[in-house]
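Comments concern the structure below.
4 protein chains.
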Amino acid sequence: MGTQQAVHDPPPPSARVQRKRGKRIQEILNAAAELFGERGYDAVSLEHVAERLDVTKGSLYYYFSSKDELGTAAIETLGDEWTARLERLLGQTPGTPGARLRALIHEHVGIAVHDHPAALRLFLVPREWPAEQRERIKGLRRRHDTLFRTLVEEGIASGEFTVTSIDTVLQCMHAAMSQAPIWCAELPAAARKKAVAEVADTLMALVRSAP
Amino acid sequence: MGTQQAVHDPPPPSARVQRKRGKRIQEILNAAAELFGERGYDAVSLEHVAERLDVTKGSLYYYFSSKDELGTAAIETLGDEWTARLERLLGQTPGTPGARLRALIHEHVGIAVHDHPAALRLFLVPREWPAEQRERIKGLRRRHDTLFRTLVEEGIASGEFTVTSIDTVLQCMHAAMSQAPIWCAELPAAARKKAVAEVADTLMALVRSAP
Amino acid sequence: MGTQQAVHDPPPPSARVQRKRGKRIQEILNAAAELFGERGYDAVSLEHVAERLDVTKGSLYYYFSSKDELGTAAIETLGDEWTARLERLLGQTPGTPGARLRALIHEHVGIAVHDHPAALRLFLVPREWPAEQRERIKGLRRRHDTLFRTLVEEGIASGEFTVTSIDTVLQCMHAAMSQAPIWCAELPAAARKKAVAEVADTLMALVRSAP
Amino acid sequence: MGTQQAVHDPPPPSARVQRKRGKRIQEILNAAAELFGERGYDAVSLEHVAERLDVTKGSLYYYFSSKDELGTAAIETLGDEWTARLERLLGQTPGTPGARLRALIHEHVGIAVHDHPAALRLFLVPREWPAEQRERIKGLRRRHDTLFRTLVEEGIASGEFTVTSIDTVLQCMHAAMSQAPIWCAELPAAARKKAVAEVADTLMALVRSAP
DNA sequence: GATGAATGAGATTTCATTCAT
DNA sequence: AATGAATGAAATCTCATTCAT
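Which chain is which? The protein sequence lines are A, B, C and D, in order.
Per the numbering used here, the very first residue in the first sequence carries number 1; after that it's consecutive.
Per the numbering used here, the very first residue in the second sequence carries number 212; after that it's consecutive.
Per the numbering used here, the very first residue in the third sequence carries number 423; after that it's consecutive.
Per the numbering used here, the very first residue in the fourth sequence carries number 634; after that it's consecutive.
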């Protein structure tokens, strides 16, 4: 369990929001993201979150003005951290678009499977959330996607990739990467590493189709 | 004492038998599946369901002994119908494994996008459901998967497909097909038909990889 | 319009013994008495009763106009049968008041323990029952008590018994006899017969006190 | 990950710990015991309890995680207090086992009649309560009984009492004492004191039988 | 005589939220 | 910063009762 070896970067790389800088907040956010991911947003009560942190329900309201706020912030934090890791990886990975894309997919699935199983649930945002919150979350997805899209476009431009519909390819890729942790959860822990690599290899086929 | 003929073992006379599959039940199941798919299982109250059917919520308990039961039954019905349609299609589609697989994917995505948008939600079964219900739902998935797996295996045997890990390919395929309705929901209705075809084409790449 | 159907008097449930009519009614009454005794009046739903009889809830309303009616009738039946057995016994048992009283107690406790465990629950009549029903049930108790009271009075008159307060003695006796099945339920079946005899012996002390 | 120090074994974070025995809890327990005793456990809704305390029913769940929990706790409190009073009395009452037993019975019946009419109802524990709760309640009974049993044994040892079956005697005694408040409830208030004394005198016969 | 269907009132339970301290 | 207490709305579920067939 609780394996993610927390990226202890100094302050969040993105001075994204006015997020108060306590480490307490980070603890709450982590616990919340974990729980929401595990059981789904609706199924997790604030008491669950509080209990895991060993504080009382009410005290969460000191940091967040509502459950939705907490939910949004948790997803945002997760997304930020996630994107940051992907960006860092890209910075360290030279080579052709193909090589870099494969590495990116591999890292993404790895994060999902090892550190955020069931994050998929998190992105199934409740319909009734206010538009502003929904937008914030979609923004995350976009930044995320851009990383992949850029590489795919480079590969197409260089003739390395052949793709009919870039949007479709990206959507399929994302879907598969998001679900991966769910089916991998049923694999013995030892087999997961290999599964992650297989997913990366398999998904590369999406950009190398020969018509 | 006197006359009662049967030994009623457990004091709590709960076990509600599978009721007849009358027309009414089907109506309830349909309404429920629709709503659960639209907004997620947790977000739909029995009152919502009852309202859509124009009955009182209590009366749902005549047919189902709990919300979970209703949920499971709704998924099951959906899955059965879905599989039946896929099987029917396969029966009518001759040709190579490749041609038939493409048709199968196309049909599957088509059903998802046009008839059961957001069915994905339905299959994200609440963790806390009793094991028996979870098993029932996994069974559905298995039957479903078998259709695809058989074709893929045929294609491999005939040399038409090249696949590294058949399990991984099937999982990725399924993930993409399940999510399709979610992103298609944002497309203008006119564009969806084309999107479905594109998904089918794109996913075929997963079995035609040339190393 | 009014007078015509006066002739039709569907068996008015008011009349004390419309009961011999139909062995079906007896079956219902037996099942109900048993269940009410086992788990308490409130905890037994009409569905429980119906289920044990393998009919539907609604059909009970053909025989009884309400749950309370059924409850009252069940108690009444039980009480009548019980009293009848006691009277029969007395008719067959000659001897001194002491011998006869002991036999009576023995029989009463025996019925309770062997045939109607937990009948005690039945006599804890819900407070909110209409006065008329409560009266009917008190009437039962009185008939019952009279059997004991008569014998005790005879014993006092003959000098065989010494009793300070006859009312108190009868109440204590009754209390102990009613509870007996509850504690005997925890005894191994083989030991119950002996326990019944011991209760009878013990309770005789209540009328044989020497000041 | 960060801070959660404990391995929270079962996902459902239900286990509500025994809360502090503040004054408020006592108020709730008293109100509940009173109501349950008056009308029977099943017939008392949490709203009744809340109403009497002038709070909302939801707030009871801050203290107790279910109605059963509240029920058990109420009985337990009642039983504890009751036993304590009996023990205190014994501490203050010198004399032969006979004198002390009579005082004990008198006190017990007095408490029942004057302070907890219908406590009997409380001890008719619903069958469907979880075994653990049933055990807790049986434990109470045992502590209670021990007080009486010890005295009876002393009396036998000293030759003051003659008893065939000590278990049976204790059970009968207990039954009579428990029911006393029910029949006394119908007496005019003025007569109750005398009735209590009579019960005590009458029950003493159970240990003084001369064969 | 009996059933299947439905209702409506009320019960238990959950939970986001507020607030005084 | 945090807690304990409480609230109120809504959700799940139960059940006696009715009624057309």
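C-beta atoms are modelled at their ideal positions from N, C-alpha and C, and glycine is treated no differently.
* Could you name the residues that DSSP lists as bridge partners for R630(C)? => Looking at the DSSP output, R630(C) bridges to T584(C).
* When you compare only the Cα positions, how much space is there between L508(C) and H538(C)? -> Note on geometry: alpha-carbon atoms of L508(C) and H538(C) lie some 14 Å from one another.
* Are at least three pairs of beta-carbons, each pair with one atom in the stretch 192-201 of chain A and one in the stretch 101-117 of chain A, less than 8 Å apart? -> Yes: the two stretches touch, three or more of their Cβ pairs being nearer than 8 Å.
* Pair within 8 Å by beta-carbon distance, L592(C) and R571(C) -> Contact: yes.
* Specify, as a first and last residue, the run of the alpha helix (DSSP H) that V243(B) falls within. => According to the sequence shown, residue 243(B) is Ala rather than Val. Note, A243(B): alpha helix (DSSP H), K234 to R250.
* Asked: Which value, in whole angstroms, describes the spacing of the CA atoms of F794(D) and L784(D)?
  -> Per the coordinates, the alpha-carbon of F794(D) lies some 10 Å from the alpha-carbon of L784(D).
* **Beta-carbon proximity list for L240(B), same chain, < 7 Å, skipping 5 on both sides** => Same-chain partners within the cutoff: A284, A285 and T288.
* To do: Pick out the complete alpha helix (DSSP H) segments inside the stretch 686-726 of chain D, 4 residues or longer, and give them in chain order.
  => Positions of the alpha helix (DSSP H) runs, each at least 4 residues long and wholly inside the stretch 686-726 of chain D, are given as 690-693 and 700-725 in order along the chain.
* For a contact meaning CB atoms closer than 9 Å, what does G462(C) contact in chain D? -> The contacting residues are G673, Y674, D675, L757, P759 and R760.
* Asked: Are the beta-carbon atoms belonging to F454(C) and V477(C) less than 8 Å from one another?
  -> Residue 454(C) is actually Ala in this sequence, not Phe. In this structure, A454(C) sits away from V477(C), with a CB-CB distance that is not shorter than 8 Å.
* For S376(B) and chain A, any beta-carbon pair shorter than 8 Å? -> It does; some Cβ of chain A falls within 8 Å.
* With 16 other CB atoms within 10 Å as the buried threshold, where does T779(D) fall? -> Around the beta carbon of T779(D), a 10 Å sphere encloses fewer than 16 other beta carbons of the protein chains shown; the residue is thus reported as exposed.
* **Start-to-end residues for the alpha helix (DSSP H) that takes in I738(D)** => P730 to G743 is the span of the alpha helix (DSSP H), which, as asked, contains I738(D).
* To do: Ignore the nearest five residues each way along the sequence and tell me which others in C172(A)'s own chain have a CB closer than 7 Å to its CB.
  => Same-chain partners within the cutoff: L206.
* To do: Starting from the Cα of L281(B), find the closest Cα among T375(B), C395(B), V336(B) and I393(B) and give me that residue.
  => Ranking T375(B), C395(B), V336(B) and I393(B) by Cα distance to L281(B) puts V336(B) first.
* Output, in chain order, the set of chain C residues within a Cβ distance shorter than 7 Å of A818(D). => Under the 7 Å cutoff, chain C gives no residues; its nearest Cβ is about 11 Å from A818(D).
* From T164(A) to D80(A), what does the alpha carbon distance come to, in whole angstroms? -> Distance between the alpha carbons of T164(A) and D80(A) is about 30 Å.
* Asked: Thinking C-beta only, is L542(C) closer than 8 Å to L526(C)?
  -> Not a contact, by the Cβ cut-off of 8 Å.
* Measure how close the beta-carbons of R825(D) and V746(D) come, nearest whole angstrom, since I'm counting them as under 8 Å. => With a Cβ gap of about 6 Å, R825(D) and V746(D) count as contacting.
* For the stretch 587-601 of chain C, enumerate the residues whose C-beta is nearer than 9 Å to any C-beta of chain D, in chain order. => Answer in chain order: S587, D589, T590, V591, Q593, C594, M595, H596, A597, A598, M599, S600 and Q601.
* To do: Give the C-beta separation of L668(D) and R657(D) to the nearest angstrom, bearing in mind that I take them to be a contact with Cβ-Cβ under 8 Å.
  => Their Cβ separation, rounded to whole angstroms, is 17 Å, which puts L668(D) and R657(D) out of contact at 8 Å.
* Asked: Around the C-beta of A391(B), are 16 or more other C-beta atoms found within 10 angstroms, so that it is buried, or is it exposed?
  -> Burial call: buried.
* Any C-beta of chain D sitting closer than 8 Å to the C-beta of T515(C)? -> Judged by the 8 Å Cβ criterion, T515(C) is not in contact with chain D.
* To do: Would you identify the three-state DSSP class for R338(B), choosing helix, strand or coil?
  => In this structure, DSSP gives R338(B) a state outside helix and strand, which the three-state scheme calls coil.
* Asked: Quick one: Cα of Q344(B) to Cα of L333(B), how far?
  -> If I take the Cα positions, the gap works out to 13 Å.
* Buried/exposed call for S389(B), threshold 16 Cβ in 10 Å -> Residue environment: S389(B) is assigned as buried (16 or more neighbouring CB atoms within 10 Å of its CB, all protein chains considered).
* Step through the CB atoms of chain B and report whether any lies within less than 8 Å of the CB of E198(A). => For E198(A), the answer is yes, since a Cβ of chain B falls inside 8 Å of its Cβ.
* Listing by chain order, which chain B residues have their CB less than 7 Å from the CB of R121(A)? -> Within chain B, the residues near R121(A) are L335.
* To do: Could you check how far apart the C-beta atoms of G577(C) and L523(C) are, in whole angstroms? I think they sit under 8 Å.
  => Their Cβ separation, rounded to whole angstroms, is 7 Å, which keeps G577(C) and L523(C) in contact under 8 Å.
* To do: Check the Cβ of D201(A) against every Cβ in chain B and list those closer than 9 Å, keeping chain order.
  => Simply T375, S376, T379 and S420.
* Asked: Apart from the five residues on each side of it in sequence, which residues of its chain come closer than 8 Å, Cβ to Cβ, to E47(A)?
  -> So the qualifying residues of the chain are K57.
* Are any of the Cβ atoms in chain B nearer than 8 Å to that of A195(A)? -> It does: the Cβ of A195(A) has a partner Cβ on chain B nearer than 8 Å.
* **8 Å contact criterion, which A185(A) and T379(B) should meet: CB distance rounded** => With a contact defined as Cβ atoms closer than 8 Å, A185(A) and T379(B) miss out at about 15 Å.
* Classification of E557(C) by the beta-carbon crowding that lies within 10 angstroms, buried from 16 upward -> Per the 10 Å Cβ criterion, exposed.
* Pull up the distance between the alpha-carbon of A43(A) and that of L609(C), whole angstroms please. => If you take the alpha carbons of A43(A) and L609(C), they lie about 47 Å apart.
* Work out the CA separation of L140(A) and A387(B) for me, nearest whole Å. => Going by the C-alpha atoms only, they are around 20 Å apart.
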